[in-house]
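What follows is a short report on a single structure.
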Amino acid sequence: QNSVDTLQVLGSILLVIAIFEAVLTSLRTYLFVDTTNRIDMALGSEIIDHLLRLPLRYFERRPVGELSTRINELENIRSFLTGTALTVVLDALFSVIYIGVMFVYSWFLTLVSLATIPLFVALAFVASPIIRSQLRVKAERNAETQSYLVEVMSGIQTVKAQNMELRSRWQWQRRYAQYVSAGFKTVLTSTAASSTSNFLNKLSGLLVLWVGAYLVLQGDLTLGQLIAFRIISGYVTSPLLRLAQLWQNFQETALSIERLSDIVDAAPEATEEDRNNIPMPLVNGRVEYDNVTFRFGTSGPPQLNNISIAFEPGTFVGIVGLSGSGKSTFTKLLPRLYNLESGRILVDGYDISKVELYSLRQQIGIVPQDSLLFEGTIQENIALTMPDASSEQIIEAATVAAAHDFIMELPNGYNTRVGERGSSLSGGQRQRIAIARTVLQNPRMLILDEATSALDYDTERRVSINLADVYEGRTVFFITHRLSTIRNADTIIMMDKGSIVEQGTHDELMELQGRYYCLFQQQEAQV
24 QNSVDTLQVL GSILLVIAIF EAVLTSLRTY LFVDTTNRID MALGSEIIDH
74 LLRLPLRYFE RRPVGELSTR INELENIRSF LTGTALTVVL DALFSVIYIG
124 VMFVYSWFLT LVSLATIPLF VALAFVASPI IRSQLRVKAE RNAETQSYLV
174 EVMSGIQTVK AQNMELRSRW QWQRRYAQYV SAGFKTVLTS TAASSTSNFL
224 NKLSGLLVLW VGAYLVLQGD LTLGQLIAFR IISGYVTSPL LRLAQLWQNF
274 QETALSIERL SDIVDAAPEA TEEDRNNIPM PLVNGRVEYD NVTFRFGTSG
324 PPQLNNISIA FEPGTFVGIV GLSGSGKSTF TKLLPRLYNL ESGRILVDGY
374 DISKVELYSL RQQIGIVPQD SLLFEGTIQE NIALTMPDAS SEQIIEAATV
424 AAAHDFIMEL PNGYNTRVGE RGSSLSGGQR QRIAIARTVL QNPRMLILDE
474 ATSALDYDTE RRVSINLADV YEGRTVFFIT HRLSTIRNAD TIIMMDKGSI
524 VEQGTHDELM ELQGRYYCLF QQQEAQV
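Residues 24 to 550 in the working numbering are what the sequence shown lists, from first letter to last.
Here it is in structure tokens:
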């Protein structure tokens, strides 16, 4: 109409539409990213929470590298859920409407356009099992590679000390080559399936033009109708092509779900029934093992065989025996780190399987031989069992563990960083910090599993005296190979092949002149 006012109105409307579109796009992106982050946090938190509540035996049967690769499968699941899956499904739903419009133009040409759909379906049925099998092999090879790498990095001191760098590299290369080979096979199969899908898509378009041109020549269809039909058919076949690609991605996601289900489907150590059990009252320290039998597997000899023994409150129990005799297993049953095969354990008359798990564990302090220190400062590591502890409480706990003096000699004192796994400290220093950490916990019972094995005689003696003073009146289980450390124990048990073969005080066992006597004499002779 040659109207400037109309032009300005149209221009303004287009500008508003452009601004509105930009705002909507930004809002959609914000909502999409926010939803993605929420899904990440929800899934990740649930998985980690469940993982940390699994029994100790679950972790002993699986390498750390394998567990980390399984947890990383969350990324594949998240990418699938928040990627193109939703848009492709919506496009596929709209395809039904487009197919109806195509039928209005020409029912025959519509059938020609849809003729390749059975081929898409057949391709998916043929390729999917192959791709899924190859993806499983690839995931397994990746887990093996990562597990070996974690082992090498964790034992790097041994690798270097024994000149194993070259061998370690070869072993890693062999595993990584298997992983790369498995990935290459997967790519070849996926590429072949994708290329076939593209060919079928182009074939569908070619058939539409071919048959449509024939119908135009016959006068059954106009040229404009053919062009419109071709455009609309693209809205049908393109989502189908992306749906085929999505199906391949789903195979990888399904495998990720399958691998992650190894964690999710594992039963936690604290079941719903356990959470409904009564909380463990304040522990006095009477412990009774009643016909306790335990084995790691479903077959083979038991690690503990029909053990029955009782300890009164406040007893200092020394546990000795050869390696593999069942000493550590004996004490790990008390905080229910392992479940009994038969028998029962009573604490103050309460069957520990009938009380709430974590109310029991929070009253038992455990210091293992290989005490792990986490990345951070010495103060942070000691305070792990009581995050709100004061500096005075931390220093007091370190003093009991004979750690305060060496800590103050360090450049930054309690603010000294310990490095990964405590790598900047010696073995004896790590053990003393671990003991201080447990002392700060102030447990009602204490288990020391070779907790002073890296200490010299004088330091070990000081730690033992300090612990005896602090834990007077509380039950203590002290596992050691150095018999002189426990000669003042209230009772000593000698274990062999999962059974208690001798029991008594140091003097009583020496008079018996049995296995304890022989072992003690050997150590004294060596000294």
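Glycine is no exception: its CB is placed at the ideal position from the N, C-alpha and C atoms. Since we're looking at a predicted model, the values are computed, not measured.
Between Ile515 and Ile523, the CB-CB gap reaches or exceeds 8 Å. With respect to the C-alpha of Glu335, the residue from Ser446, Glu311, Ile255 and Gln546 having the closest C-alpha is Glu311. The shortest C-alpha to C-alpha distance from Gly320 to any of Met187, Ile417, Glu69 and Arg80 is the one to Arg80.
Per DSSP, the unbroken alpha helix (DSSP H) holding Met176 starts and ends at Ile140 to Ser177. Under the three-state reduction of DSSP output, Met303 falls in the coil class, being neither helix nor strand. Every alpha helix (DSSP H) of 4 residues or more that sits fully in the stretch 496-539 is shown, in chain order, as 529-535. Spanning the alpha carbons of Thr352 and Leu77 requires a straight line of approximately 18 Å. Take the alpha-carbon of Leu327 and the one of Pro358: they are about 16 Å apart. In this structure, the straight-line span from the alpha carbon of Ile62 to that of Ser279 is close to 16 Å. Taking Leu345 as reference, the option from Glu296, His504, Val486 and Leu246 with the minimal CA-CA separation is His504.
In this structure, Ile389 and Ile470 form a Cβ contact; the two beta carbons are roughly 5 Å apart against a cut-off of 8 Å. Every unbroken stretch of the alpha helix (DSSP H) spanning 4 or more residues and falling wholly within the stretch 288-359 is given here in chain order: 295-298 and 350-355.
Residue burial is scored here from C-beta neighbours: Asp374 has fewer than 16 other C-beta atoms within 10 angstroms and is therefore classed as exposed. Only residues of its own chain outside the window of five on either side were considered, and among them Ile405, His427, Ile430 and Ala459 have a CB closer than 7 Å to the CB of Ala421, listed in chain order. Per DSSP, Arg367 is not a residue of any alpha helix (DSSP H); the beta strand (DSSP E) it occupies stretches across Ser365 to Val370. For the pair of segments examined, the stretch 170-189 was found not to touch the stretch 285-300: the number of CB pairs separated by less than 8 Å stays below three.
Residue burial is scored here from C-beta neighbours: Leu396 has at least 16 other C-beta atoms within 10 angstroms and is therefore classed as buried. DSSP links Ile389 through a beta bridge to Ile470. For Ser376 and Arg367, the gap between their C-alpha atoms comes out near 8 Å. Only residues of its own chain outside the window of five on either side were considered, and among them Tyr128 have a CB closer than 7 Å to the CB of Gln248, listed in chain order. Within the same chain, and ignoring the five residues on either side of Asn99 in sequence, the residues whose Cβ sits closer than 7 Å to its Cβ are Glu275, Thr276 and Ser279.
Note that the C-beta distance between Leu463 and Ile417 is below 8 Å.
A direct Cα-Cα distance of roughly 46 Å separates Asn438 from Glu525. Taking the C-beta atoms as reference points, Met518 is found no nearer than 8 Å to Thr498. According to DSSP, Tyr121 shares a beta bridge with no other residue. Contact annotation, Asn489 with Ala425: C-beta distance approximately 7 Å; criterion of less than 8 Å satisfied. Note: Thr400 is bridge-paired with Arg440 in the DSSP secondary-structure output. Setting aside the 5 residues that flank it on each side, Gly206 is surrounded in the same chain by Lys161, each with a C-beta closer than 6 Å to its C-beta; the list follows chain order.
Within the DSSP secondary-structure output, Val378 pairs in a beta bridge with Ile301.
For Gly451, the closest C-alpha among the options Pro434, Met409, Pro410 and Asp479 is that of Asp479. When the alpha-carbon of Glu89 is set against those of Gln201, Glu167, Val46 and Val135, the nearest one is in Glu167. Under the DSSP assignment, Tyr237 falls in the alpha helix (DSSP H) whose first and last residues are Glu188 to Gln241.
Counting the other CB atoms within 10 Å of its CB gives Met64 a total below 16, which places it among the exposed residues. Within the model, the alpha-carbon separation for Val343 versus Gln536 is close to 15 Å. For Ser487, the enclosing alpha helix (DSSP H) stretches over residues Tyr480 to Val493.
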